[in-house]
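Trainee:
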Amino acid sequence: MDPAALAKLHATCFTTPRPWSAAEFADLLASPQCFLCIEASGFLLGRVVADEAELLTLAVDRQARRQGTGVKLVTAFLVEAHSRGATTAFLEVAASNAPAQALYGCTGWTEAGRRKRYYHAPDGSAEDALVLVQAL
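Letter by letter, the sequence shown follows residues 56 to 191 of the working numbering.
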């Protein structure tokens, strides 16, 4: 997927946190620490620095949700992160995003903390982020 296609799908999935631009995706993909996992109806962007992996974002087309795409993408991320030498993986998820939390819970993630008022919505409101962790 090219950065414009990633940004287009990302924009259909996110308002809070805000969707990322094609330029932001291009910058991240230019980094050797970052990697992309792709399925027909979604993608996951991750990175590994030293022995820690971070799941940066996950986007699945709304019509393709609850069909296993998210699980495939998270599983591919965990495998790739481990192959790059990561021993621990982290991610942040909006405290109100119950579907994403369910996906992460069923793929082995546990809550490690909370970042108060981390995400800022277009209307000016703020929302907590849950920090999830998984040993690899």
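Cβ atoms here follow ideal geometry from the backbone N, Cα and C, with glycine treated the same way.
The model shown is predicted, which means the values in this text are computed figures rather than measured ones.
Provide the residue span of the alpha helix (DSSP H) that contains Gly160, from first to last.
Mentor: Residue numbering aside, residue 160 sits at position 105 when the sequence shown is read from its first letter. Ala153 to Cys161 is the extent of the alpha helix (DSSP H) around Gly160.
Trainee: Could you check if Gln88 is buried or exposed, using at least 16 other CB atoms within 10 Å of its CB as the buried criterion?
Mentor: In the sequence shown, counting from the first residue as 1, residue 88 sits at position 33. Exposed is the call here.
Trainee: Only counting the same chain, and skipping five residues up and downstream in sequence, which positions put a Cβ closer than 7 Å to that of Ala155?
Mentor: Working through the sequence shown from its first residue, we reach residue 155 at position 100. These residues qualify, in order along the chain: Val148.
Trainee: Using a Cβ-Cβ cutoff of less than 8 Å, which residues in the same chain neighbour Arg117 once the five nearest sequence positions on both sides are dropped?
Mentor: Within the sequence shown, the letter at position 62 stands for residue 117. Cβ within range, chain order: Thr67 and Cys68.
Trainee: Is the distance from the Cβ of Ala167 to the Cβ of His175 below 8 Å?
Mentor: For the purposes of this step, residue 167 is taken as the residue at position 112 of the sequence shown. For the purposes of this step, residue 175 is taken as the residue at position 120 of the sequence shown. Cβ distance not < 8 Å, so Ala167 and His175 don't count as in contact.
Trainee: Pick from Leu133, Val103 and Phe98: whose alpha carbon is nearest that of Ala62?
Mentor: Working through the sequence shown from its first residue, we reach residue 62 at position 7. Of Leu133, Val103 and Phe98, the residue nearest in Cα terms is Phe98.
Trainee: Would you mind reading off the limits of the alpha helix (DSSP H) that contains Thr70?
Mentor: One-based indexing of the sequence shown puts residue 70 at position 15. Segment: none, Thr70 is in no alpha helix (DSSP H) and carries neither H nor E.
Trainee: Can you tell me which of Pro177, Trp164, Leu185 and Gly140 puts its alpha carbon nearest to the alpha carbon of Lys171?
Mentor: For this step, residue 171 is matched to residue 116 along the sequence shown. Comparing Cα-Cα distances from Lys171 to each of Pro177, Trp164, Leu185 and Gly140, the minimum goes to Leu185.
Trainee: Kindly list the residues whose CB is nearer than 7 Å to the CB of Ile93, restricted to its own chain and excluding five residues on each side of it in sequence; keep chain order.
Mentor: In the sequence shown, the residue the question calls residue 93 occupies position 38. So the qualifying residues of the chain are Met56.
Trainee: Express the C-alpha separation of Leu64 and Ala114 in angstroms, rounding to a whole number.
Mentor: Taking the sequence shown and counting its residues from 1, the one referred to as residue 114 is at position 59. Taking the sequence shown and counting its residues from 1, the one referred to as residue 64 is at position 9. Rounded to whole angstroms, Ala114 to Leu64 spans 7 Å at the Cα level.
Trainee: On a CA-only basis, which of Leu84, Asp183, Thr143 and Tyr173 is nearest Trp164? Give me that one, please.
Mentor: On the sequence shown, position 109 is the one that residue 164 refers to. The shortest C-alpha separation from Trp164 is found at Thr143.
Trainee: Candidates Ala77, Asp183 and Arg139: which alpha carbon is nearest Arg102's?
Mentor: For the purposes of this step, residue 102 is taken as residue 47 along the sequence shown, with counting starting at 1. Here the closest residue by C-alpha is Arg139.
Trainee: Taking only the alpha-carbon atoms, compute the straight-line gap between Pro74 and Thr112 and give it to the nearest angstrom.
Mentor: Here the question's residue 74 lines up with position 19 in the sequence shown. Here the question's residue 112 lines up with position 57 in the sequence shown. Whole-angstrom Cα-Cα distance: 10 Å.
Trainee: Could you round the C-beta distance between Leu187 and Phe145 to whole angstroms and report it? I think they count as a contact, below 8 Å.
Mentor: Residue 187 sits at position 132 when you count from the first residue of the sequence shown. Residue 145 sits at position 90 when you count from the first residue of the sequence shown. The Cβ separation is near 7 Å, so the contact holds.
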